[in-house]
């Protein structure tokens, strides 16, 4: 049959593609000339015209982007703007490869198919042109080479690939864009061998009620021909129904309709799939058959109402995604597609959008695991000319039309559409999916990009058109993603016209620079491509978990556990189709050892079990209960973990069982000691002295001058310094209490007083009273008001050098922003010091990041070299622990805004922290992103912040 110089025929067994691979001549045989993906390549002869390793013949892996193979020159698509380049790289590549075909295949139809190549591709077989040069770098294309083959002998394939197109509109659409520009044959190349009389293509419309309409393209049909259609469920050989249709001689188009019984519909929650087998017979003899994997689902697009799938109005929880991997560029694999779709599902997403047609295997996995897909014709901000665009739309729709996951066609992006090609999508698609123009309000579908929270005048929640922003929550560095998402999402869901949204973007598009020799290996072109919720190797940033919680299909109503807690929680169903009783809920009551911050890491589970979930339909809220056992309040926190009907974790929620005073009493080590404690009052300072610890305060500023223990100095100094308020020392008073000495610092300004208490065993307690006195009555109702406070608390200096780790009880393990606290849970967490900058630390991306704000701190042990370790315990609620200041990216362009300004100092205790922006200023975000206001009335008792410090040595 078929033999090839450098690839065994067994490789044809990889992956289910358009046609079934089988030695039976009645079926289309698919044989790879390249490897199946970049992880299983085949080497071809290759020469590059310019750049690295050019002007000489060598070998290259196919498929691949040649830059990642050490050829040519890297170029990022904004060469014309931030990168200040006169033009992009324009090298060309010449490929050669030999293959053989058996003489017995003569008389059959043979196509050579390119999954995609960048950008202009000229193909020759045995020195003769296979057809017109293909232009467009993201599309599958093929040539009928039946007449060019040397049957029974050796055949030579030559491909001339130009990175820069000869068509200016192709360059404008694809290569003047905010993404990496690569060259080469980066998707597989294969042959399709089929009988001369064949079913060339089928486009299917399969409805949820079992109705199936199909449009067949036929070739060389003889008299007395029939087409038989049958289906089997995915994973089963049982035929569920069969229909036969007569076909006229020389008929090239055939529409068939049928209806199957007992069909299970496809949706993202239950992605049921079937195999449609179409068999062409002539006088009863099988001639050719193809098999398509399909899903039965009904799409309805109702303007001024919504998008319905299987009769249910949908809300798409989506993200944008580039096809990219650091070591291979745009050349990917099914393994990566499975990984990526699982990550989407793990974030509780049900939708994805790309800027160009994704690999076929990515769509296959979306079909299998259940993801809505917006399938986009490239055109970042410029369109193809009509002739070229029309061809590319046909290639895209022809390849993707039968994927159950694809529900919407995108014609370009942000102005990159050609109105004249809109109708071609509809003409080729029997399902009549809508065509949108991403970022515009077009044809009744408003998909505005990066809306402000208050968008807008007669748009979105204030408008009359169905809306779903196809880009929002831009995630440059640690921006966006989950930060601010909850506000936008809650507001949008208030409108019955809301159909979802798509976060920008899935992962950082950093690629390995094989031409770099320094420590840096991966290039995101500064802030241009450092915009993922995940790192380039799919490292999970904090927004990953925030999105996972915010978009979880199970939502918990707020609850605070007190002595009155009876085990009840209220949960809501945010699925589209599924009853919550299809999920499972498990609870644990967890207890930390009382010496958890003094070396004992033991965690015990006091109680655990399954929670009975009642019948809760989508949109409904109901009560669940856990038992409150006799030892329940011996626990420290509760965890509840949900899994969906397929066993995938939805989320793990947690709640503290006690308040800060309980945890301080439990976890702060107290020693039975009768040693003397004393006060040393000098001209400029006051010192509180115990047997183990001495702390000295400056009388003028009230700040700590020095801390020492048995081993020497602990370098916590220059605090408390107020954040978000002003305070000046009025006076300082000292007194002696039973087994303790006290220094009270009285202030004028935002702080009323701070009481410092040193116990005989060396523990130091800080009790701050702030916002007590209204001062001047400048409000209409007698209130003192200070507006736009984005940081509030106190701060200290502490050297970052030598810090090794932090262990804490509170929300973790990721740092937070004011508008991204979701995604962190109560527990005892521990992490080592690192200097990770999301979007830049690609060579050593340790997550979670060490530095930043940490929510709801109850206890913490900071470990550092030498004598620099100490512990902190909060008896106050909702205290943010600030650990140093995250490093700023070194390669950001102006306007990147990687993080808000941090207050002075290094270790801070705060009640208010700043929010993180997302592409637009904080003023354009929702209420949880806005700065707070200080409001004090006469008679207010003020707010307290009480922190224990333990500077004692552990030995």
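In my numbering, the protein residues as written are 19 to 973. For every residue, glycine included, the Cβ atom is placed at its ideal position computed from N, Cα and C.
- DSSP places residue 379 outside any beta strand (DSSP E); the residue lies instead in the alpha helix (DSSP H), whose first and last residues are 378-387.
- Judged by their CB atoms, residue 355 and residue 390 are not nearer to each other than the 8 Å cut-off.
- Each residue's CA atom was taken as its position, placing residue 381 and residue 420 some 10 Å apart.
- In this chain, the beta strand (DSSP E) harbouring residue 244 covers 243-251.
- In the DSSP assignment, residue 356 falls within the unbroken alpha helix (DSSP H) covering 352-364.
- Only buried fits residue 182, as 16 or more other CB atoms lie within 10 angstroms of its CB.
- Residue 499 and residue 513 have their alpha carbons spaced roughly 22 Å apart.
- The beta-carbon separation of residue 901 and residue 927, rounded to 11 Å, does not stay under the 8 Å limit for a contact.
- In this structure, the alpha-carbon of residue 547 lies about 26 Å from that of residue 414.
- Here DSSP, grouped into helix, strand and coil, assigns residue 708 to coil.
- Burial check for residue 111: the Cβ neighbour count within 10 Å reaches 16 or more, so the residue is buried.
- If you draw a straight line from the Cα of residue 622 to the Cα of residue 608, it comes to about 6 Å.
- The alpha-carbon of residue 501 is positioned some 4 Å away from that of residue 838.
- Note: residue 336 is bridge-paired with 369 and 520 in the DSSP secondary-structure output.
- By the Cβ-count criterion, residue 337 is buried, with 16 or more other Cβ atoms from all chains shown falling within 10 Å of its own Cβ.
- When secondary structure is reduced to three states using DSSP, residue 260 falls in the strand class.
- The beta carbon of residue 920 sits closer than 7 Å to those of 903, all from its chain and outside the five residues before and after it, given in chain order.
- Exposure of residue 728 is indicated by the presence of fewer than 16 other C-beta atoms within 10 angstroms of its C-beta.
- A distance of 8 Å or more separates the beta carbons of residue 916 and residue 866.
- Per DSSP, residue 893 is not a residue of any beta strand (DSSP E), being assigned neither H nor E.
- Counting along the chain, residue 444 sits inside the alpha helix (DSSP H) bounded by residues 440-446.
- In terms of CA proximity to residue 313, 290 leads the group 521, 290 and 327.
- Residue 480 sits exposed, since fewer than 16 C-beta atoms from the chains shown fall within 10 Å of its C-beta.
- Assignment of residue 934 by DSSP, reduced to helix, strand and coil, places it in the coil class.
- Around the C-beta of residue 941, fewer than 16 other C-beta atoms lie within 10 Å, and the residue is accordingly described as exposed.
- Beta-bridge annotation (DSSP): residue 324 is paired with 320.
- Under the 10 Å beta carbon count, residue 861 is surrounded by fewer than 16 other beta carbons and is classified as exposed.
- It is roughly 25 Å from the alpha-carbon of residue 685 to the alpha-carbon of residue 670.
- Of the residues assessed, residue 639 falls on the exposed side of the cut-off, its CB having fewer than 16 other CB atoms within 10 angstroms.
- CA-CA distance, residue 654 to residue 60, rounds to 57 Å.
- Under DSSP, residue 804 takes part in a beta bridge, and its partners are 952.
- With respect to residue 601, residue 565 sits apart: the two C-beta atoms are not nearer than 8 Å.
- Rounded to whole angstroms, residue 695 and residue 849 show a C-alpha spacing of 35 Å.
- Residue 222 and residue 228 have their C-alpha atoms roughly 12 Å apart.
- The C-alpha of residue 890 lies about 56 Å from the C-alpha of residue 79.
- The beta carbons of residue 757 and residue 777 sit about 6 Å from each other, so the pair counts as a contact at 8 Å.
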